[in-house]
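Participant: After the structure tokens below, expect a handful of questions from me.
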Amino acid sequence: VAAGGLAWRAVDQGVVGGPGELDAAWREWNAGGQSGALALVAAGVLASSPHNTQPWLFRVSERRIDLHAVPERHLGAFDPFRREMHIGLGCAVENMVRAASLHGFSTDVTLAPSTNDPTHVARLDLAAAEPTRDPLAAQIGRRHTDRGRYDARPVGADVLARLSGLATEPDVRLMLLDAADPRAKAFGEATIAATEHIVADEDMLRWSKAWTRHDRDALLRRRDGLFIDGMGLSPLMATAAKMIPDQDAATEGRYWLAMTRDLHVPSAAAFGLILVRDVHDLAASLKAGRLWQALHLAGTEAGLAMQPLNQLPEMIDRDRELKREPQAARDAAAIVGTDGWLPTFGFRLGWPTRQAPASPRRTVREVVAA
Ligand SMILES: Cc1cc2nc3c(=O)[nH]c(=O)nc-3n(C[C@H](O)[C@H](O)[C@H](O)COP(=O)(O)O)c2cc1C
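Below, the structure is given as structure tokens:
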């Protein structure tokens with residue numbers, strides 16, 4: 181009976197029986213079947229977003245796409261000022277702009293186009309143009325967050341220069357730190373310290389848990405949130421994690437802290453920080469998101485593995501929300517300098533040791549306004 185029960189649970193949790201329809205949106209884009217403005221939306225939905233919240237709604241006409249935030253798809257105490265939500269929306273803008281070149285459009289992007297509607301975060305006006313082969317557009321369906329162990333052998337100066345060249349906006353800076361740089365060490369330590377604070381914060385853990393899907397049925401139904409296969413566990417551990425009952429938020433927090441301390445930080449070849457002057461200026465967040473998405477596409481093209489590591493910026497927000505001593509902001513200033521720039525996004529990079537999986541997505545049909 182026990183063996184039978186276990187087998188049922190294995191099927192229930194998708195350990196056997198294939199990936200179901202979780203990757204439909206990826207297949208949709210990779211098959212290249214769409215045309216017109218909807219083809220751009222098919223790229224937009226594959227963008228990175230915090231905890232895979234996919235906080236987007238698209239209004240589409242023949243020559244225009246209006247991107248709206250969906251305020252309910254938020255991370256609560258993890259993102260009290262919706263800074264990360266807007267970074268994710270910026271990621272969707274970048275994917276759409278990159279996809280436009282493939283599909284014979286030029287784009288004119290207006291950020292925050294409506295003074296009376298704060299959910300209206302971007303407008304893309306499309307005009308016919310010769311299709312071009314943007315090498316980053318070719319990576320849209322291949323880019324995946326890699327939370328596994330990296331091979332930390334150094335990344336060549338040419339690759340780092342290619343990444344640095346993507347930061348073209350005057351009000352958004354990129355700082356890349358080789359793992360041997362003392363500031364990289366300081367960023368790693370500050371990230372671990374921030375993770376310790378987060379896992380001691382019940383509210384933050386509760387919100388993280390709300391966007392973590394253990395149950396396969398919920399995952400298939402909602403096609404959002406973090407999922408076990410994307411957590412960077414070994415195949416054996418991932419199978420075990422699916423078999424055991426759902427863990428409480430505190431236990432999940434302890435695993436996350438251990439992964440950050442023992443795997444994510446020590447196996448990085450380099451770290452990156454996206455800096456802005458005002459971390460709560462939502463237009464700056466949209467631009468930072470565009471840069472992160474472009475960096476991840478370029479890293480994918482170069483064969484790199486990448487993972488956002490945002491515990492430090494998240495703690496800057498949380499300290500401010502709770503009107504506490506700005507300890508995280510001080511830690512950040514010690515790394516990036518005190519001339520008024522602060523990190524709004526952190527990440528690590530290195531060489532992959534395994535293929536990272538495609539994370540679940542809602543498809544175009546579900547995110548286009550009727
Ligand atoms: C603003 C923002 C913050 C993020 N922070 C983290 C993070 O701290 N740690 C992490 O592992 N992933 C982080 N991510 C990555 C998302 O979880 C990821 O993009 C999402 O789950 C979808 O997966 P994909 O990137 O593989 O498509 C972040 C993404 C964004 C846009």
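In terms of this note's numbering, the sequence shown is residues 181 to 550. Every residue, glycine too, gets a C-beta built ideally from N, C-alpha and C. Every value quoted in this text rests on a predicted model; they were computed, and no experiment measured them.
(1) Identify every residue that forms a DSSP beta bridge with I267.
(2) I'd like the list of long-range same chain contacts for A550, defined as Cβ closer than 7 Å, with 5 residues on each side in sequence excluded.
(3) Is the region 221–231 in contact with the region 258–275, if contact means three or more CB pairs nearer than 8 Å?
(4) Exposed or buried, what is P362 when buried is set at 16 or more other beta-carbons lying within 10 Å of its beta-carbon?
(5) Return the chain-ordered ranges of every alpha helix (DSSP H) run that is complete within the region 404–469 and spans a minimum of 4 residues.
(6) At 4 residues or longer, and completely inside the region 327–366: list those alpha helix (DSSP H) runs for me, N to C.
(7) Given a cut-off of 8 Å on the beta-carbon distance, is the pair G530 and L475 in contact?
(8) Does T371 come out as helix, strand or coil in the three-state DSSP assignment?
(9) Could you pull out every unbroken beta strand (DSSP E) segment of at least 3 residues lying fully inside the region 472–550, listed in chain order?
(10) From I267 to N296, what does the alpha carbon distance come to, in whole angstroms?
(11) So what's V221 in DSSP terms, helix, strand or just coil?
(12) Along the chain, where does the alpha helix (DSSP H) containing W209 start, and where does it finish?
(13) Nearest by alpha-carbon distance to P152: which of M265, A538, V277 is it?
(14) Is it the case that the CB of Q535 approaches a heavy atom of ligand 1 more closely than 7 Å?
(15) With DSSP run on the structure shown, which of helix, strand or coil describes D380?
(16) Mind checking whether W391 and G405 have CB atoms under 8 Å apart?
(17) Considering only residues of the same chain and omitting the five flanking positions on each side of D397, which have a CB-CB separation below 6 Å?
(18) Would you say E264 touches ligand 1, meaning its beta carbon is less than 7 Å from a heavy atom?
Facilitator: Once the coordinates are examined:
(1) Residue 267 sits at position 87 when you count from the first residue of the sequence shown. Bridge partners of I267: none, in fact.
(2) Position 370 of the sequence shown, counting from 1, holds the residue named residue 550. No residues qualify anywhere along the chain.
(3) yes
(4) Translated into positions along the sequence shown, residue 362 becomes position 182. Exposed.
(5) 415–423, 429–439
(6) 337–344
(7) Along the sequence shown, read from residue 1 onward, the residue named residue 530 stands at position 350. Along the sequence shown, read from residue 1 onward, the residue named residue 475 stands at position 295. Not a contact, by the Cβ cut-off of 8 Å.
(8) Locating residue 371 in the sequence shown gives position 191, counting from the first residue. If DSSP states are grouped into helix, strand and coil, T371 belongs with the helices.
(9) If we require 3 residues or more, the beta strand (DSSP E) runs fully inside the region 472–550 come out as 485–488, 522–532.
(10) Taking the sequence shown and counting its residues from 1, one reaches residue 267 at position 87. Taking the sequence shown and counting its residues from 1, one reaches residue 296 at position 116. Cα-Cα distance, rounded: 21 Å.
(11) Here residue 221 is taken as the residue at index 41 of the sequence shown, counted from 1. Helix, per DSSP.
(12) For the purposes of this step, residue 209 is identified with residue 29 of the sequence shown, where counting begins at 1. Note, W209: alpha helix (DSSP H), 204–211.
(13) With the chain covering 181 to 550 only, the question about residue 152 has no answer from this structure.
(14) Numbered from 1 along the sequence shown, position 355 holds the residue referred to as residue 535. Not so, every heavy atom of ligand 1 lies at least 7 Å from the Cβ.
(15) To locate residue 380, count along the sequence shown from 1; it is residue 200. First, the amino acid is wrong: residue 380 is Ala here, not Asp. Taken through DSSP and simplified to helix, strand or coil, A380 comes out as coil.
(16) Translated into the one-based positions of the sequence shown, residue 391 becomes position 211. Translated into the one-based positions of the sequence shown, residue 405 becomes position 225. The answer is yes: Cβ separation under 8 Å.
(17) Counting from one through the sequence shown, the residue named residue 397 turns up at place 217. Result list for D397: empty, nothing under 6 Å.
(18) As a working note, residue 264 is residue 84 in the sequence shown. True, at least one ligand heavy atom lies under 7 Å from that Cβ.
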